[in-house]
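These notes are about the structure you will find just below.
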Amino acid sequence: MIASLRGIVMAIEASTAVLEVGGVGYQVHATPATLRSLSLGSESLVFTSLIIREDSHTLFAFVTSEEQQIFDLLRSVTGVGPKSALAVLAQLSVDAIKSAVVNDQDSVFKAVSGIGPKTAKLITLTLAGKLQISGVAINYTEESSNSATVIAAITGLGWPERLAEQAVAVASRDGDLSTDELLRAALAQLGASKSVGATDE
Numbered sequence: 008m009i010a011s012l013r014g015i016v017m018a019i020e021a022s023t024a025v026l027e028v029g030g031v032g033y034q035v036h037a038t039p040a041t042l043r044s045l046s047l048g049s050e051s052l053v054f055t056s057l058i059i060r061e062d063s064h065t066l067f068a069f070v071t072s073e074e075q076q077i078f079d080l081l082r083s084v085t086g087v088g089p090k091s092a093l094a095v096l097a098q099l100s101v102d103a104i105k106s107a108v109v110n111d112q113d114s115v116f117k118a119v120s121g122i123g124p125k126t127a128k129l130i131t132l133t134l135a136g137k138l139q140i141s142g143v144a145i146n147y148t149e150e151s152s153n154s155a156t157v158i159a160a161i162t163g164l165g166w167p168e169r170l171a172e173q174a175v176a177v178a179s180r181d182g183d184l185s186t187d188e189l190l191r192a193a194l195a196q197l198g199a200s201k202s203v204g205a206t207d208e
């Protein structure tokens, strides 16, 4: 894993830059803000994430390690690839992302090109409890907060609130579940209900 690069900036393009490190030029993809922070011919340090695919090895670069960490967290969300994660960071500051997640404001992410309503809701749900606010992780493990977060996520996916509440109540009987586990269990309940025609349409 290439976690960071320190080298001379050899080129800056619209969405990429090239850093020469030990005689090797590394092309990195970055947000406009990151690219603006670089100066041709100057030494720079960037934090990186390496994405390995069958046909390519792609580096994404960031000014701070926190941006790099949030990039990796965004990629853990179903439906969010590297380009979409970079688009979020290009449009939203780290603080704006944290605020949107903590306050369950998925509309903030829907405003990003390429992020649809379902993906936006999944971003707020998946990142809840994983981001650091003032050095302390927000705690979403309390049962009432867990349930409210999952109910909001399910209704955001198009299910009626009454059915979402029922599914969460049933899923909660399995014991102390994390937000992700509770969501999966509740969606499984809804899927089973739908299969027997128990919908609220």
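For what it's worth, my numbering labels the leading residue of the sequence shown as 8, then goes sequentially. Backbone N, C-alpha and C define an ideal beta-carbon position, used for all residues, glycine too.
Reduced DSSP category for residue i - H, G, I as helix; E, B as strand; rest coil
i, result
"I77", "helix"
"V16", "strand"
"E135", "The question names Glu, but residue 135 in the sequence shown is Ala. Reduced to three states, the DSSP call for A135 is coil."
"E50", "strand"
"L197", "helix"
"S154", "helix"
"S22", "coil"
"V70", "coil"
"S56", "strand"
"S185", "coil"
"Q34", "strand"
"S179", "helix"
"S44", "coil"
"V87", "coil"
"S100", "coil"
"S120", "coil"
"E168", "helix"
Exposure label - residue i; buried when at least 16 CB within 10 Å
i, result
"K90", "exposed"
"L2", "Because the chain spans 8 through 208 in this model, residue 2 falls outside it and cannot be assessed."
"A178", "buried"
"V16", "buried"
"S63", "exposed"
"V119", "buried"
"A21", "exposed"
"S114", "exposed"
Residue i versus the options, residue with shortest Cα-Cα distance
i, options, result
"T23", "S46, M8, G29", "S46"
"P124", "R169, D181, D111", "D111"
"L164", "S11, I130, L138", "I130"
"I1", "G121, S83, A135", "A question about residue 1 goes unanswered here, because the residues of the chain that appear run from 8 up to 208."
"I122", "S106, K137, L99", "L99"
"V109", "V87, S185, S120, L132", "L132"
"E74", "A97, R43, L197, T156", "A97"
"P39", "L93, T71, A176", "L93"
"A195", "V25, S106, A174", "A174"
"A160", "T186, R82, R60, G48", "T186"
"F78", "F69, T85, G86", "F69"
"S56", "G86, T156, T85, L12", "L12"
"G48", "E61, S106, G32", "G32"
"S44", "E61, T71, E27", "T71"
"D102", "T126, A155, V87, L138", "L138"
Integer-rounded CB distance, given that residue j should sit under 8 Å from residue i
i, j, result
"L42", "I19", "6 Å"
"H36", "L66", "7 Å"
"L170", "L189", "Going by Cβ atoms, the distance from L170 to L189 rounds to 15 Å, so no, they are not a contact pair."
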